């Protein structure tokens, strides 16, 4: 990563942190009303900034307000946990997604299936759920030698 990219990333992370701080102040105001889109934007920004602890604080707050994430939010949080080497946390989000009142979409499943290649037991569980929910869709299972999973 060159210096300009590093500086841009730091600036984006700083802006995200400021936005989250402002959110917590706003949330305490009498006029505040729960807004799933505000949560979504903040959670996705934190996940992309690899700040998963902060993202999960917002996630918990959102859920306490009886708001449910959409498919994009599930996808980005799952991706964030996989990037951080936390497949168990990604699976917890996956389980939450399956309990959501909205039917799950394919993309979070596919992100999880790809990210769990080094974890065959977890991947098989997700694959089984995918095949039940999307019986007409196919899952690509790469040959093990491509990923060095012998």
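In full-length UniProt numbering, the protein residues as written are 1 to 150.
Each residue gets a CB set at the ideal place from its N, CA and C atoms; glycine is no exception.
Please read these numbers as outputs of a predicted model, since none were measured by experiment.
Give the DSSP-derived three-state secondary structure of residue 92 in the structure shown. helix
Just verifying my parser: in three-state terms, what is the DSSP assignment at residue 110? helix
Threshold first: 3 residues or longer. Then list the beta strand (DSSP E) segments lying entirely within the stretch 51–104, N to C. none
Can you give the Cα-Cα distance for residue 100 and residue 63, rounded to whole angstroms? 11 Å
Alpha helix (DSSP H) containing residue 130: first to last residue? 120–133
For residue 30 and residue 38, I'd like the C-alpha separation in whole angstroms. 17 Å
Please list the terminal residues of the continuous alpha helix (DSSP H) segment that includes residue 117. No alpha helix (DSSP H) contains residue 117, which DSSP labels as neither H nor E.
Pop quiz: residue 82 and residue 90 are said to be a contact at Cβ under 8 Å. What is the actual Cβ separation, rounded to whole angstroms? 5 Å
Compute the distance between the beta-carbons of residue 140 and residue 108, then report whether it is under 8 Å. no
Where does the unbroken alpha helix (DSSP H) through residue 44 begin, and where does it stop? 36–48
Does residue 44 pass the burial test, meaning 16 or more other C-beta atoms within 10 Å, or should it be called exposed? buried
Would residue 49 and residue 12 qualify as a contact pair, given that the criterion is a beta-carbon distance under 8 Å? yes
Report the residue from 10, 8 and 55 whose alpha carbon sits nearest the alpha carbon of residue 24. 55
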